[in-house]
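Student:
Chains as they are written, first to last, in the working numbering: chain A, 42 to 583; chain B, 60 to 350; chain C, 30 to 366; chain D, 20 to 596.
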């Protein structure tokens, strides 16, 4: 087909393609046609910067590589949600590399699959698992921190029983230990391969795994052009689950949201991952493509106030802000209704030990003014509202609305967009008076969220610098009771710290955002994961 | 005998010349008209717009152009027409201030370098070479990123990246004139070097610099808009054309074309107007055209 | 000749030194905290401080600068945090993409603007002169990101004449063997016409975007330069000698008018290389412009420094090429050089 | 008054039909003030083999006439009326293709400023080839051979080598030969030479003119010589046509024009042309009121030396390519052998004296005047003025010195030397304001008006800008500015070179009057010995930075000792009287 014919037919074909009947026009040869049937074209805004989950500064898209190219001992089960979409089930652990396991009070023993191999064909042994876990707790940074969250701290905890038996010793009872073994970090690496690439300075072989996958997962990276594309090939000898149906995954980075939308709408891409709310709503309405949306588990979009400094050290000021926020406007104009409102409950006392859930504040300018006057700021004050430039699609209109609304009670707000990397630095300093931010925990437990976001240990995510002895007691209590399985006490602690958070209001929860995915109607098997990245293994193409 | 006065001469005023230029080239006339319009918008715009450019109205969000909202409304229901009109002041301020800054600094450095030569020339030359060796837009980004994204810093960044252009023009023009008869004559009349530079050379280079001014005004606006587009521009919710285009960019594909379109077209018209004005000014000051 | 080239390169050294210093200072002033980035999302202040020490970021600026210069001397441009690759590799992989796009854009632009400029000059004051002026001025007045968006909307989304704006090649094709790094050329070298077509279909829209933007300076300079040459004595001589108008305009006038046009071309090229950052962003073009933007936004020092240095070197080489070209066109320059 | 050339002509070939016949030619230019007629009802006839001179001052329409004949008027111009018949072809109505076929093949043109008339980036041989091939006088195969032949024909030495030269590698005279070669390559019947010698040195001028005459005679060509110089026209032409403001005022046999000019304008032009045996006063039109003898100011200490120049040298480094690190920091390479622009000259100027400094371009006379003006520092030697060694004060600081006002300069180009942004009054006032005359406001204005009166500049012109003044008026402003600080010495740097002859006559007389009235000394720098003769008491002839001959003007003019001086004198075209 020559160029001119191609141009002529392109629009016709593509309209066909959009209805999901035929392939789009860009494929011009027969071999390309067949390639398309087994290839998944995925577009998203950003790509990985490191293929190793243990790497220094590995970004979120990097998790996707690790998830699909490495195996863990266990994975989570699935459940079908009320809206028909499929999600992981945090309460159900299923075998992956391990066929079975026994949990005692002090340890867990895993039986590994005997037929499991790495991509290079060598068998997976318990030594590999130990080496990988040792690596995770030793390299420092994020992997070590994540392991710690499940009380997995020392290499001595990981014991090779025999080639296919592996034991994890607990250092303390922790409800999160087992779930933490199913997240991405405890992936199993091909220890011989990586060790052969290790050097004096780099004894964990991080340089090698940064550029190459050294696992045994269902996919392997065939080509990685950073910032442009990642190409995955299926691992034909994968033994840790049912053989995936997609042979090849091409993951392209398309920075412009408009272009991503056009690609999916015109049928040129199979999946567009993580779309803006507006596109999701409109694509859903148009009905040409399939859209799936799931609340981001344990995720909250919020306005944080720095309680260590005036004026936000005053409770009334914080409450005034909570009353002045135009919640509904934000839901309508910013989120296009897509998101779970976390405001307007009947009261600030909660009855269920679940998180996130709504607080009792609503937009009430008169009340806000009154509170502000009571706090000694009848004329208001000036402050700066900061947000991450990288998340400007949501934050910019959101902050603009907040700014306008706070203006009505006399608080003059200047907006400050902070470019990506600086954002993390600024957050660490905890000097910004007012921020708009989003936080989510991988593990979907209230005490996990609160431990990072409200606890007096003052982690980075406690962006408000909030400290309260009572809060710490409740959070620590919930952790202990959960580990002990004392559920009534646990419920009391959880509702207790949620009530306290709403009473003190150091941060104003706005809504729980959704993770939105659009895909061609021919695509099936999409599943939501806590890490908010795509699992290729369950995807199918009709 | 040619000592007789040529009486026609004094009628050849700048004004009549300008009228001629406009008559000969209607495009320039249009540009002058447009410029007047933009100047007017910048001056009185904020007092006459139909809606508050900052007031959101989420119930009227994303409305297409209508009798109420001439250019439609944006995501937060703000009136785009009002925002476009009000934005002209800020954009004009950025353009005028940055150009004024570089006009003074770059113009003086260039004239001095062209006139004195030697070390002055070498230093000014090296500085402007160094700036030129940067990809200019990225340099502007870097400056704004490093100093923080305020209007002042945008102005400074825009001025810096235009510096070599001014130096180049001023230097070349001063260099042509450094040995000109009237400069020698000024020396003979006992003028000091600085006085020759400012009193004799600078006024003669002024018209040519004015052309440059007009052209770089357009460029300054584009530059500011580009910075806004990648998120380094002025702070929201301040209306600014570049930011408005950037905000509207993601809405084009979904059919809400007006959000980016109207600020984009206004931006284009403003730059267009400055560029044409530059052409017109060039005709106005080019002595070869004065026959 | 060689000696002259070396001399010419020598004169560029001070600007390069200037660029290195300015870039270094600028990136150190950038508010981002590399150490915080390295330390990961849940780092403690001590962890950040440790990483700072490890990276040498706690040293005084002059010391850091010396270390940086030492790295540069050994060809080490550092690592990019965003892509996780050595900056040198990143730039090497991405530069051809930018260069190909920019060159094609410039080529398209020249193909339109030079004839337009010549026509405008030959028929000064006619409708074509006004058209030239309006078209060129309108082109340069359009913000590139706006043009790019509009073109994508119209040609891809509405008309379907262009493929999806997804980089240099549709994913079913694999890149040709690297000879020049330019897909259009490499695919032809490989004799793969289909691949050439695929590469062309991806590149033409962004190239047109760039071309529209660069029309004005070239057309303007061609026109002005042609006007002054056409009014010169030797053109009058040529006309008085009965040479054909085509010979007078193209053979005599245009070759002389070419000199300032070449200079403009050089400026436009280096300007475009920097300015196409926005176009690359719109078209997801894997070039160095979009690379630099990302790096700058995320305060990723090394790529920014590497990019600026690469551009500065390119600029110097470009100017050298222009000088050489100048010498080819103008015998006077050859002697005086 | 139109006199039909053909009727009165004592043309060479009366029998044949004329080669070129122009009737009633009117050329209009569209300008913004409406249509301007540059040429009005011009008639001219040119017989085969005849040489016609068209003489006129700037703006007389002489060049436009010739452009109309070639039909190479620029866009704004058009032939409004009249016919041009060349060899039977009606140029006015012929197609562009027809006319183009004639240009270069049947009629050619050479221009002033020969270097600019050649394509700067094409080898001269190639340029000749272009013309030969265009007119099918050569094929690509033999074009080079033929081009070299053409070069030989214009007496260019080593034509094979010159074939490969670019215009910038050749001297002005050589370039003019190439232009002539280009024009004559196809052996045309008509050659139009538009000021062919303007801008060339006198000695070169003569060689070029002789060559043109020789070649056209040899080939029995018709020639139109366009010039502002009556002397030149008279010396080389059979007939002369005088034009003024677009009209032909007189056409006559060359000798007749000089012997018995019919028209008043011709007479005026004739008189204004400097020539042997006339005084400055003779240059002025006969009807001009004889200027009242200027009151002669007594020159204090007349005859005693005002300025003594001793062994003055100016060297310029010949810049060698710098390399390596030295080049980086702008350190210039060691000068191999400096070029001496002025090579050890000594002379003196007495109070009240006027000294002529004569030489061709590049002889060092301008550098000398720049050093005397203290705008340039000499390499060595002394300049002693009124007993004070001025060369000890660096040029940079001289502007602030009290001696600045003592030495002033009148520039060659009155346009270039006036700040376009200053009015005439402001320009004249500038030295008064800068050099501490203490005048301001009304007193200053009064002084400026007084100076304007001295130089004969009407007071109402004082508020005009330079571009609103004529050449003569600008020259007066320049002179007024120079004399404003009441200097002792004024250097006149070719003050009339850019002026028409009639204006030159007036300005020269003015300068003479001022000198007498104010008792200044003059150094008159010029290439024109005739002019120097009339104005100067003594003359210095310079060549390649050295003084060739020095002495009383009359003595040198009458009996030049140096060979070079003789050559210079011989080169001056003389009208046949």
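For each residue, glycine too, the CB sits at the ideal point set by N, CA and C. None of these values were measured; they are calculated from a predicted model.
Among all the DSSP beta bridges, which residues are the ones paired with residue 141 (chain A)?
Tutor: For residue 141 (chain A), which the question treats as bridged, DSSP gives the partners A:152.
Student: Would you list the one or two residues that DSSP bridges to residue 424 (chain A)?
Tutor: A:454
Student: Less than 7 Å between C-beta atoms, sequence neighbours within five positions excluded: which residues of the same chain meet that for residue 182 (chain A)?
Tutor: Excluding sequence neighbours, residue 182 (chain A) sits near 97.
Student: Rounded to whole angstroms, what is the Cα-Cα separation between residue 493 (chain D) and residue 78 (chain D)?
Tutor: 17 Å
Student: Classify residue 89 (chain B) as helix, strand or coil using the three-state DSSP reduction.
Tutor: helix
Student: Looking only at its own chain, which residues have a Cβ that is under 7 Å from the Cβ of residue 177 (chain A), when we skip the five neighbours before and after it?
Tutor: 95, 184, 185, 188, 226, 227
Student: So what does DSSP say about residue 111 (chain D), is it helix, strand or coil?
Tutor: coil
Student: Starting from residue 300 (chain A), trace the alpha helix (DSSP H) in both directions and tell me its first and last residue.
Tutor: 298-306
Student: Starting from the C-beta of residue 285 (chain C), find all residues in its chain whose C-beta is less than 7 Å away, skip the five residues before and the five after it, and write them out in chain order.
Tutor: 258
Student: Let me check one thing: in DSSP terms, what residues is residue 560 (chain A) bridge-paired to?
Tutor: A:312, A:331
Student: Between the alpha carbons of residue 409 (chain A) and residue 151 (chain A), how many angstroms are there, rounded?
Tutor: Rounded to the nearest angstrom, the two C-alpha atoms are 57 Å apart.
Student: On the DSSP bridge list, what partners appear for residue 201 (chain A)?
Tutor: A:207
Student: Secondary structure at residue 188 (chain A), three-state DSSP: helix, strand or coil?
Tutor: helix
Student: Per DSSP, what are the beta-bridge partners of residue 148 (chain B) in this structure?
Tutor: When DSSP reads this structure, residue 148 (chain B) sits in no beta bridge, so it has no partner.
Student: Alpha carbon to alpha carbon, how far is residue 248 (chain B) from residue 231 (chain B)? Give it in angstroms, no decimals.
Tutor: Using only the alpha carbons, I get a separation of about 25 Å.
Student: What's the gap between the Cα of residue 270 (chain A) and the Cα of residue 292 (chain A)?
Tutor: Looking at the two C-alpha atoms, the distance is approximately 5 Å.
Student: Mind checking which residues open and close the alpha helix (DSSP H) that includes residue 352 (chain C)?
Tutor: 330-358
Student: At a cut of 8 Å, does the segment 212-221 of chain A reach the segment 133-152 of chain A through at least three beta carbon pairs?
Tutor: Cβ pair count under 8 Å is three or more, so yes.
Student: By the DSSP assignment, the beta strand (DSSP E) with residue 132 (chain A) in it spans what residues?
Tutor: 127-136
Student: Hey, is residue 135 (chain D)'s beta-carbon within less than 8 Å of any beta-carbon in chain C?
Tutor: Yes, because at least one Cβ of chain C sits closer than 8 Å to the Cβ of residue 135 (chain D).
Student: What residue range is occupied by the uninterrupted beta strand (DSSP E) comprising residue 246 (chain D)?
Tutor: Segment 241-246, the beta strand (DSSP E) holding residue 246 (chain D).
Student: Rounded to whole angstroms, what is the Cα-Cα separation between residue 667 (chain A) and residue 85 (chain B)?
Tutor: It is not possible to answer for residue 667 (chain A), since the shown part of chain A is limited to 42 through 583.
Student: Using the Cβ count rule (16 or more neighbours within 10 Å means buried), how would you classify residue 219 (chain C)?
Tutor: By the neighbour-count criterion, in which a residue is buried when 16 or more other Cβ atoms sit within 10 angstroms of its Cβ, residue 219 (chain C) is exposed.
Student: Could you check which residue in B:160, B:224, B:201, B:294 has the C-alpha nearest to that of residue 210 (chain B)?
Tutor: B:294
Student: Run down chain B in chain order and give the residues with a C-beta less than 8 Å from the C-beta of residue 457 (chain A).
Tutor: 294
Student: In whole angstroms, what separates the C-alpha of residue 531 (chain A) from that of residue 402 (chain A)?
Tutor: 26 Å
Student: Of all Cβ atoms in chain C, is any one closer than 8 Å to the Cβ of residue 107 (chain D)?
Tutor: Closer than 8 Å: no.
Student: In chain order, what residues of the same chain have a beta carbon less than 6 Å from the beta carbon of residue 191 (chain B), not counting five sequence neighbours either side?
Tutor: 223.
Student: With DSSP run on the structure shown, which of helix, strand or coil describes residue 567 (chain A)?
Tutor: coil
Student: Which first and last residues belong to the beta strand (DSSP E) in which residue 566 (chain D) is found?
Tutor: 565-571
Student: Going along the chain, which residues of the segment 193-209 of chain B sit with their C-beta nearer than 9 Å to a C-beta in chain C?
Tutor: Those would be 193, 194, 195, 196, 197, 198, 200, 201, 202, 204, 205, 206, 207, in chain order.
Student: Sorted by chain position, which residues of the same chain lie with C-beta nearer than 8 Å to residue 335 (chain A)'s C-beta, five sequence neighbours on each side aside?
Tutor: 122, 126, 128, 555, 556, 569
Student: To the nearest angstrom, how far is it from the Cα of residue 215 (chain A) to the Cα of residue 550 (chain A)?
Tutor: 28 Å
Student: Please report whether the beta-carbon of residue 320 (chain A) lies at a distance below 8 Å from any beta-carbon of chain C.
Tutor: no
Student: Which complete beta strand (DSSP E) runs does the segment 347-435 of chain A hold, if anything under 3 residues is left out?
Tutor: 423-429
Student: Output, in chain order, the set of chain C residues within a Cβ distance shorter than 7 Å of residue 326 (chain B).
Tutor: 172
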